[in-house]
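One structure below.
Protein chains: 2
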Amino acid sequence: MTANPYDLNRSIGFLMGNTYRKLSSLFQNGLKEYDITPEQWSVLYQVDMREGQIQKDIAERSGKDRPTTTRILDHLEQKGLVYKQIGENDRRSFKVYITDKGKSLIQETIPIEKHVDEVIKKCISVEEYETLMKLMIRIGSHVNEITERE
Amino acid sequence: MTANPYDLNRSIGFLMGNTYRKLSSLFQNGLKEYDITPEQWSVLYQVDMREGQIQKDIAERSGKDRPTTTRILDHLEQKGLVYKQIGENDRRSFKVYITDKGKSLIQETIPIEKHVDEVIKKCISVEEYETLMKLMIRIGSHVNEITERE
DNA sequence: CTCATTTAGTTGTTATAACAATTATATTCA
DNA sequence: TGAATATAATTGTTATAACAACTAAATGAG
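If you read the protein sequences in the order shown, they are chains W and B.
Using the working numbering, the first residue of the first sequence is number 1, and each one after it goes up by one.
Using the working numbering, the first residue of the second sequence is number 1001, and each one after it goes up by one.
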């Protein structure tokens, strides 16, 4: 190792980005055989949680903007993991459903997602884990308030 | 608000990604007039910190892989913010230097980066801030150990 | 010294993300 | 009602990021 990887990171923002990318890579590595990316996985998981959500809500719940959500859902649809139905009341929107293939994939890969969590819990305590979640949620909410205020 | 934006995020990994994106957007918003992205900013800042680093070290210190670093440096070079010199001992490598224009830009924009930090500190205490840094560093190092072990 | 291996950097490909603009449908209000 | 406005989704563009493949130069073992 020639350089301390945390050299720049007096800044929480960049540090968070770097840590996130490492976790994401770890998960991606575990998903290798399943032909799905971590972000696709998170959207598929979200669709599985609540059948028939419209894309706007999937976007909000998975913390992505709508164009990104559209494209991820396109990929999931091409792979036969989800399908859409035109909303009956509002024909602008689509309700999104998971397929059996999608359900199986989520069931098979949840252990991989859990494994990433286990890795984290090997180096921080349960309380620290809770603290970390709380702090990130608080920061996220605070930033939301600020940006929505405009 | 139709959906709780933290609905999916029982998982630290995804929560961290979403929180990071919000912070990054906030910074990007502040940088609007400066024609530079947050990631370009972090690399330029890194170059400013240590003149004449080779790209490999810049990559490590800013937590990016080498192809990504190459491309970001290309953008910075095109904008006249950095320049490269062939390494005298090792002709495979380039030493990277910041230009005067780059230096001015960093000086002018450091307050914007600080502002993002201030926003964070408005919703978490100094101790929590330190804890957050420590936990992310610990997780990052732990993931590094695991993945380097292969 | 020479050939195999390693290393620094680049290029190609695909996915995600931010942002702007567009389309189609709903809603609101004069 | 009908025109202005708002909303759901999509498309286009550019930048990051992961990964694989590649070039050129350096290193190391025989």
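A virtual CB, placed ideally from N, CA and C, is assigned to each residue, including glycine.
Being a predicted model, the structure only gives us computed values, none of them experimental.
Give the list of continuous beta strand (DSSP E) stretches no shorter than 3 residues that lie fully inside the stretch 1009-1096 of chain B. 1082-1086
Handout entry: Cβ-heavy atom distance, residue 86 of chain W to the ligand MN, below 7 Å
Key = Absence of the ligand MN is noted for the structure shown, with no ligands found whatsoever.
Could you tell me the distance, in whole angstroms, from the CA atom of residue 93 of chain W to the CA atom of residue 1068 of chain B?
By one-based count along the first sequence, residue 93 of chain W stands at place 93. By one-based count along the second sequence, residue 1068 of chain B stands at place 68. Between residue 93 of chain W and residue 1068 of chain B, the C-alpha separation is close to 37 Å.
Self-check item: Contact set for residue 61 of chain W: own chain, Cβ-Cβ below 7 Å, skip 5 residues either direction
Solution: The count along the first sequence starts at 1 and reaches residue 61 of chain W at position 61. Here the set comprises 46.
Review point. For residue 1038 of chain B, is the classification buried or exposed, using 16 other Cβ atoms within 10 angstroms of its Cβ as the cut-off for buried?
Key: Residue numbering aside, residue 1038 of chain B sits at position 38 when the second sequence is read from its first letter. It counts as buried.
(request) For residue 1027 of chain B, collect the residues of the same chain with a Cβ closer than 8 Å to its Cβ; drop the 5 residues on either side in sequence, then sort them by chain order. (result) Position 27 of the second sequence holds residue 1027 of chain B. For residue 1027 of chain B, where only same-chain residues beyond five positions count, the Cβ hits under 8 Å are 1038, 1041, 1112, 1113, 1116.
Taking Cβ positions, are residue 87 of chain W and residue 79 of chain W nearer each other than 8 Å? Position 87 of the first sequence, counting from 1, holds the residue named residue 87 of chain W. Position 79 of the first sequence, counting from 1, holds the residue named residue 79 of chain W. No; because the gap between Cβ atoms is not below 8 Å, this pair is not in contact.
Quiz item: Between the C-alpha atoms of residue 1059 of chain B and residue 1076 of chain B, what's the straight-line distance to the nearest angstrom?
Solution: Your numbering for residue 1059 of chain B matches position 59 in the second sequence. Your numbering for residue 1076 of chain B matches position 76 in the second sequence. Straight-line Cα distance between these residues: approximately 14 Å.
Proximity to residue 21 of chain W [Cα-Cα], best of B:1023, B:1024, B:1022, B:1016: For the purposes of this step, residue 21 of chain W is identified with residue 21 of the first sequence, where counting begins at 1. Here the closest residue by C-alpha is B:1016.
Review point. First and last residue of the alpha helix (DSSP H) that includes residue 124 of chain W?
Key: Translated into the one-based positions of the first sequence, residue 124 of chain W becomes position 124. Counting along the chain, no alpha helix (DSSP H) covers residue 124 of chain W, and no H or E run does either.
Backbone secondary structure at residue 137 of chain W - three-state DSSP: If you number the first sequence from 1, residue 137 of chain W lands on position 137. Three-state result, residue 137 of chain W: helix.
Q.
I'd like to know whether the C-beta atoms of residue 44 of chain W and residue 139 of chain W end up nearer to each other than 8 Å.
A. Locating residue 44 of chain W in the first sequence gives position 44, where the first residue counts as 1. Locating residue 139 of chain W in the first sequence gives position 139, where the first residue counts as 1. Not in contact: residue 44 of chain W and residue 139 of chain W (Cβ atoms no closer than 8 Å).
- Query: Shortest alpha-carbon distance to residue 1090 of chain B belongs to which of B:1125, B:1054, B:1109, B:1033?
  - Reply: In the second sequence, the residue the question calls residue 1090 of chain B occupies position 90. Considering only alpha carbons, the answer is B:1054.
Exposure label - residue 144 of chain W; buried when at least 16 CB within 10 Å
Taking the first sequence and counting its residues from 1, one reaches residue 144 of chain W at position 144. Classification of residue 144 of chain W: exposed, given that the 10 Å Cβ count is below 16.
Residues that residue 1142 of chain B contacts on chain W, provided the C-beta gap is smaller than 8 Å: By 1-based counting over the second sequence, the position of residue 1142 of chain B is 142. Result: 119, 120, 122, 123.
Quiz item: With a cut-off of 8 Å, does the C-beta of residue 1073 of chain B fall near any C-beta of chain W?
Solution: Start at 1 with the first residue of the second sequence, and residue 1073 of chain B comes out as number 73. No, residue 1073 of chain B lies away from the interface with chain W (no Cβ there is under 8 Å from its Cβ).
Measuring only between beta-carbons, confirm whether residue 1084 of chain B sits less than 8 Å from chain W.
Taking the second sequence and counting its residues from 1, one reaches residue 1084 of chain B at position 84. By this cut-off, residue 1084 of chain B is not an interface position.
inquiry  = Please list, in chain order, the chain W residues whose beta carbon lies closer than 7 Å to that of residue 1014 of chain B.
reply    = Your numbering for residue 1014 of chain B matches position 14 in the second sequence. Per Cβ cutoff of 7 Å: 42.
Where the stretch 1129-1140 of chain B meets chain W: residues whose CB sits under 8 Å from a CB there:
1129, 1131, 1132, 1133, 1135, 1136, 1137, 1138, 1139, 1140
Please report whether the beta-carbon of residue 1116 of chain B lies at a distance below 8 Å from any beta-carbon of chain W. Counting from one through the second sequence, the residue named residue 1116 of chain B turns up at place 116. Interface residue, yes.
Give the straight-line distance between the Cα atoms of residue 108 of chain W and residue 121 of chain W, rounded to the nearest whole angstrom.
Translated into the one-based positions of the first sequence, residue 108 of chain W becomes position 108. Translated into the one-based positions of the first sequence, residue 121 of chain W becomes position 121. Roughly 21 Å separates the two Cα atoms.
Does the separation of the CB atoms of residue 1013 of chain B and residue 1048 of chain B fall below 8 Å?
The residue given as residue 1013 of chain B occupies position 13 in the second sequence. The residue given as residue 1048 of chain B occupies position 48 in the second sequence. The answer is no: Cβ separation not under 8 Å.
- Message: For residue 1011 of chain B, tell me which candidate among W:118, W:64, W:81, W:83 has the shortest Cα-Cα distance.
- Response: As a working note, residue 1011 of chain B is residue 11 in the second sequence. For the residues W:118, W:64, W:81, W:83, the minimum Cα distance to residue 1011 of chain B belongs to W:118.
Does the beta carbon of residue 1021 of chain B come closer than 8 Å to any beta carbon on chain W?
By one-based count along the second sequence, residue 1021 of chain B stands at place 21. Closer than 8 Å to some Cβ of chain W, the Cβ of residue 1021 of chain B qualifies, so yes.
Report task. Using a Cβ-Cβ cut-off of 8 Å, state whether residue 18 of chain W counts as contacting chain B. Result -> Here residue 18 of chain W corresponds to residue number 18 of the first sequence, with the count starting at 1. It does: the Cβ of residue 18 of chain W has a partner Cβ on chain B nearer than 8 Å.
**Beta-carbon spacing of residue 1023 of chain B, residue 132 of chain W below 8 Å** = The sequence position of residue 1023 of chain B within the second sequence is 23, counting from 1. The sequence position of residue 132 of chain W within the first sequence is 132, counting from 1. Cβ distance not < 8 Å, so residue 1023 of chain B and residue 132 of chain W don't count as in contact.
I think residue 127 of chain W touches residue 98 of chain W, with their Cβ atoms under 8 Å apart; what is that distance to the nearest whole Å? Indexing the first sequence from 1 puts residue 127 of chain W at position 127. Indexing the first sequence from 1 puts residue 98 of chain W at position 98. With a Cβ gap of about 35 Å, residue 127 of chain W and residue 98 of chain W do not count as contacting.
key: For residue 98 of chain W: DSSP bridge partner residues   = Working through the first sequence from its first residue, we reach residue 98 of chain W at position 98. Answer is W:82, bridged to residue 98 of chain W.
Rounded C-alpha distance that separates residue 5 of chain W from residue 25 of chain W: Residue mapping note: residue 5 of chain W aligns to position 5 of the first sequence, counting from 1. Residue mapping note: residue 25 of chain W aligns to position 25 of the first sequence, counting from 1. Annotation note: pLDDT 46 at residue 5 of chain W (below 50); position unreliable, coordinate value reported separately. Going from the Cα of residue 5 of chain W to the Cα of residue 25 of chain W covers about 16 Å.
Interface residues of chain B facing residue 146 of chain W [CB-CB closer than 7 Å]
Locating residue 146 of chain W in the first sequence gives position 146, counting from the first residue. For residue 146 of chain W, the chain B residues whose Cβ falls inside 7 Å of its Cβ are 1119, in order along the chain.
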